[in-house]
Amino acid sequence: MRLPQSPPSSHDLFARRGHECAETCFSDKYQALVREAQHKHLHWDRLRFLARHYGLDPELAWFVISTQRQSLYKTLPSLNDKAGQPLRFIATDAIQRDLSVIDQQFAGRIDFAGGKLSESEGARAIHAALQEEAISSSMLEGAATTRREAKDMLRENRIPRTRGERMVMNNWRAIEMVRAQRKTPLTPEFVIELQRMLTRDTLDRPDEVGRLRTQDDAIVVEDRRTGEVIHTPPDAETLAERLAAMCLFANGTMFQNETFIHPVVRAIALHFQLGYDHPFCDGNGRTARALFYWSMLNQGYWMAEYLPISRLIYAGPAKYAAAFLYTETDAADLTYFLQYHLKIIHRAADDLTLYVQRQRDKVRELAKSRRPLRLRDRQWDALRWMRDNPAQPVDVARYQELASVSYGTARTDLLDLEARGLARKMRISRKFVYFPSKPKD
262 MRLPQSPPSS
272 HDLFARRGHE
282 CAETCFSDKY
292 QALVREAQHK
302 HLHWDRLRFL
312 ARHYGLDPEL
322 AWFVISTQRQ
332 SLYKTLPSLN
342 DKAGQPLRFI
352 ATDAIQRDLS
362 VIDQQFAGRI
372 DFAGGKLSES
382 EGARAIHAAL
392 QEEAISSSML
402 EGAATTRREA
412 KDMLRENRIP
422 RTRGERMVMN
432 NWRAIEMVRA
442 QRKTPLTPEF
452 VIELQRMLTR
462 DTLDRPDEVG
472 RLRTQDDAIV
482 VEDRRTGEVI
492 HTPPDAETLA
502 ERLAAMCLFA
512 NGTMFQNETF
522 IHPVVRAIAL
532 HFQLGYDHPF
542 CDGNGRTARA
552 LFYWSMLNQG
562 YWMAEYLPIS
572 RLIYAGPAKY
582 AAAFLYTETD
592 AADLTYFLQY
602 HLKIIHRAAD
612 DLTLYVQRQR
622 DKVRELAKSR
632 RPLRLRDRQW
642 DALRWMRDNP
652 AQPVDVARYQ
662 ELASVSYGTA
672 RTDLLDLEAR
682 GLARKMRISR
692 KFVYFPSKPK
702 D
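For the sequence shown, the numbering used here assigns the number 702 to the last residue and increments by one with no breaks.
Printed below as a string of structure tokens:
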């Protein structure tokens with residue numbers, strides 16, 4: 262990731278080119294470029310090339326843009342960069358529209374066209390999404406494993422065999438903890454414990470697990486390909502204070518009369534601040550993404566459980582890094598990171614919509630033969646799962662997990678499905694497993 266160029270100071274620009282700057286503010290030929298830059302909230306690193314493309318002076322264009330933005334910024338209490346500049350953002354039309362859509366999408370239940378998503382379907386969707394999040398978040402940080410191997414490990418609940426698998430298992434357990442503690446106020450101790458869970462038995466130096474970095478830890482963020490330093494986090498001596506302030510912000514208790522901050526903006530800002538502060542020697546990215554989930558769930562956005570955002574970040578890590586760096590290099594302007602993160606949320610929500618549509622179609626298909634067979638709901642859910650995962654046969658233990666029933670009930674249900682010709686039984690190793698089959702004529 263190339264380090265983006267920091268924008269010139271509007272104060273310095275006016276000191277050097279005051280007369281030209283004043284004239285540009287009223288120049289018609291710059292207005293089209295300014296409107297485009299404001300609509301997209303372009304960073305100087307992109308604006309300067311676009312201005313030259315239009316045959317305009319980049320510095321003069323930036324002066325107009327940055328001057329207009331000053332009156333629109335809204336600051337976030339307690340969150341600052343290492344120079345003491347408060348995090349700030351502009352609620353652009355695009356951001357307000359995105360937040361409105363998220364509020365609408367996340368406010369209701371997940372529906373099929375023909376009815377509500379069943380409890381078992383919802384549980385299975387959450388389970389799959391959380392597995393995907395645990396795997397993708399680990400792979401984003403360099404876990405050497407495949408998705409198939411990782412999913413098999415989580416499904417079988419077996420002991421991790423490699424460092425990459427340990428990262429995935431740690432992520433899985435940490436996400437489960439976040440779900441369980443969603444109503445618990447955020448504290449520095451909670452954040453440190455989260456990092457401990459995420460990094461246990463995965464670091465070259467075990468003493469870096471579960472503690473803040475110190476002055477002796479020379480931690481910088483480098484481009485993995487070039488080795489270029491792209492971020493130097495705040496001084497270690499300030500971390501305890503910064504972490505405490507971040508928790509106050511996360512809990513919405515910084516000021517009694519605090520200016521309203523949209524809950525999703527709060528969650529995204531929390532994600533950014535933890536990543537920016539880099540309070541740990543390792544595991545900062547995973548911890549930041551886990552805190553985003555905690556904040557969304559804590560503030561009532563329950564559908565966040567279904568959104569494996571790390572998979573989409575993993576698909577385009579350069580854009581993720583650029584969103585961080587644009588904010589850092591433009592005087593703590595969080596708008597860049599907000600724009601990026603909101604797009605990720607929307608793409609994840611779109612994926613969920615497609616999932617629900619597929620499930621709706623499968624429900625309708627199975628419902629055609631449901632009445633005459635008179636199967637229990639849990640049996641239909643198991644058949645649907647077997648049809649969705651034909652390469653993963655179901656044994657009694659797996660059926661118990663899917664249906665939340667006793668061993669005896671699971672065995673009886675599977676034998677009933679076999680007797681009806683809806684499942685076929687095979688012996689693999691020392692146990693019987695079941696595959697889906699067509700009903701008997």
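Note that the Cβ used here is the ideal one computed from N, Cα and C, for glycine as well. Source: prediction; values computed, not measured.
Could you tell me the alpha carbon to alpha carbon distance between residue i and residue j, rounded to whole angstroms?
{"i": "G279", "j": "L321", "result": "10 Å"}
{"i": "R550", "j": "I606", "result": "12 Å"}
{"i": "C542", "j": "R474", "result": "6 Å"}
{"i": "Q329", "j": "D359", "result": "22 Å"}
{"i": "L568", "j": "L603", "result": "12 Å"}
{"i": "A276", "j": "C286", "result": "15 Å"}
{"i": "I453", "j": "H304", "result": "34 Å"}
{"i": "A293", "j": "A312", "result": "11 Å"}
{"i": "R547", "j": "D306", "result": "28 Å"}
{"i": "D468", "j": "C508", "result": "24 Å"}
{"i": "G375", "j": "V526", "result": "Confidence in G375 is poor, its pLDDT being 44 and thus under 50, which makes the residue's placement unreliable; the coordinate value appears in the next sentence. Computed Cα separation, rounded: 34 Å."}
{"i": "E566", "j": "Y554", "result": "8 Å"}
{"i": "S288", "j": "E297", "result": "15 Å"}
{"i": "R422", "j": "T670", "result": "33 Å"}
{"i": "Y291", "j": "K444", "result": "50 Å"}
{"i": "H295", "j": "G561", "result": "Note that residue 295 is Val in the sequence shown, not His. The straight-line gap from Cα to Cα measures roughly 38 Å."}
{"i": "E662", "j": "D649", "result": "16 Å"}
{"i": "F367", "j": "R608", "result": "14 Å"}
{"i": "M428", "j": "G544", "result": "10 Å"}
{"i": "V490", "j": "R672", "result": "58 Å"}
{"i": "L595", "j": "S690", "result": "56 Å"}
{"i": "H302", "j": "Q331", "result": "13 Å"}
{"i": "L340", "j": "A441", "result": "26 Å"}
{"i": "M515", "j": "E426", "result": "Confidence at M515 is low in this model, with a pLDDT of 49, below 50, so its placement is unreliable and the value that follows should be read with caution. Cα-Cα distance, rounded: 39 Å."}
{"i": "V666", "j": "D642", "result": "13 Å"}
{"i": "R309", "j": "R263", "result": "16 Å"}
{"i": "L676", "j": "R419", "result": "27 Å"}
{"i": "G488", "j": "I480", "result": "13 Å"}
{"i": "H272", "j": "C282", "result": "11 Å"}
Please name the residue, chosen from the options, that lies closest to residue i on a Cα-to-Cα basis.
{"i": "Q365", "options": "R547, M687, W563, H492", "result": "W563"}
{"i": "I529", "options": "P421, R672, L333, L558", "result": "L558"}
{"i": "A435", "options": "L459, S361, M428, M647", "result": "L459"}
{"i": "Q456", "options": "E502, G536, L636", "result": "G536"}
{"i": "R635", "options": "D674, D612, A479, Y668", "result": "D674"}
{"i": "G646", "options": "A610, H300, L311, L683", "result": "It is Trp, not Gly, that sits at residue 646 in the sequence shown. The residue with the shortest Cα to Cα distance from W646 is L683."}
{"i": "M687", "options": "Q653, G544, M430", "result": "Q653"}
{"i": "D342", "options": "Y291, L676, Q640, T588", "result": "T588"}
{"i": "A583", "options": "L340, A610, L613, F533", "result": "F533"}
{"i": "Q357", "options": "H300, D642, R672, V439", "result": "H300"}
{"i": "E284", "options": "E679, V325, M438", "result": "V325"}
{"i": "D363", "options": "R637, A610, R685", "result": "Rather than Asp, the amino acid found at residue 363 in this sequence is Ile. Among R637, A610, R685, the Cα nearest to that of I363 is on A610."}
{"i": "P540", "options": "R637, G471, R572, Y315", "result": "G471"}
{"i": "T499", "options": "D273, H314, A344, Y668", "result": "A344"}
Going by DSSP, what residues sit across from residue i in a beta bridge?
{"i": "R685", "result": "F696"}
{"i": "E489", "result": "For E489, which the question treats as bridged, DSSP gives no partner whatsoever."}
{"i": "E483", "result": "V490"}
{"i": "K604", "result": "Answer is none; K604 lacks a bridge partner."}
{"i": "N341", "result": "P347"}
{"i": "V439", "result": "For V439, which the question treats as bridged, DSSP gives no partner whatsoever."}
{"i": "T336", "result": "R349"}
{"i": "V655", "result": "Y695"}
{"i": "D594", "result": "R349"}
Check the C-beta distance from residue i over to residue j and give it rounded, since I have them as a contact under 8 Å.
{"i": "S267", "j": "T590", "result": "4 Å"}
{"i": "W323", "j": "P269", "result": "6 Å"}
{"i": "T336", "j": "L348", "result": "7 Å"}
{"i": "P495", "j": "D538", "result": "6 Å"}
{"i": "Y581", "j": "I570", "result": "Not quite, the Cβ-Cβ distance comes to about 10 Å (not below 8 Å), so this is no contact."}
{"i": "A511", "j": "L586", "result": "The pair is not a contact, with the Cβ atoms about 23 Å apart (cut-off 8 Å)."}
{"i": "R681", "j": "A664", "result": "Between A664 and R681 the Cβ distance is about 17 Å, and since that is not below 8 Å, they are no contact."}
{"i": "L531", "j": "L552", "result": "5 Å"}
{"i": "A497", "j": "D478", "result": "7 Å"}
{"i": "Q346", "j": "A593", "result": "5 Å"}
{"i": "L613", "j": "L644", "result": "Actually they are not in contact, since the Cβ atoms of L613 and L644 sit about 23 Å apart, beyond 8 Å."}
Compute the minimum distance between the beta carbon of residue i and the heavy atoms of the ligand ADP, and state whether it is under 7 Å.
{"i": "I606", "result": "Looking at this structure, you won't find the ligand ADP or any other ligand, since it has none at all."}
Any beta carbon of chain B sitting closer than 8 Å to that of residue i?
{"i": "K580", "result": "You won't find chain B in this structure, because it holds only one protein chain."}
Is there contact between the stretch 345-359 and the stretch 590-601, where contact requires at least three CB pairs shorter than 8 Å?
yes
If you pair each beta-carbon of the stretch 482-489 with each one of the stretch 460-469, do three or more pairs fall below 8 Å?
Contact between the stretch 482-489 and the stretch 460-469 is absent, because fewer than three Cβ pairs lie under 8 Å.
Specify whether the stretch 681-696 and the stretch 645-659 touch according to this definition: at least 3 beta carbon pairs, one from each stretch, less than 8 Å apart.
yes
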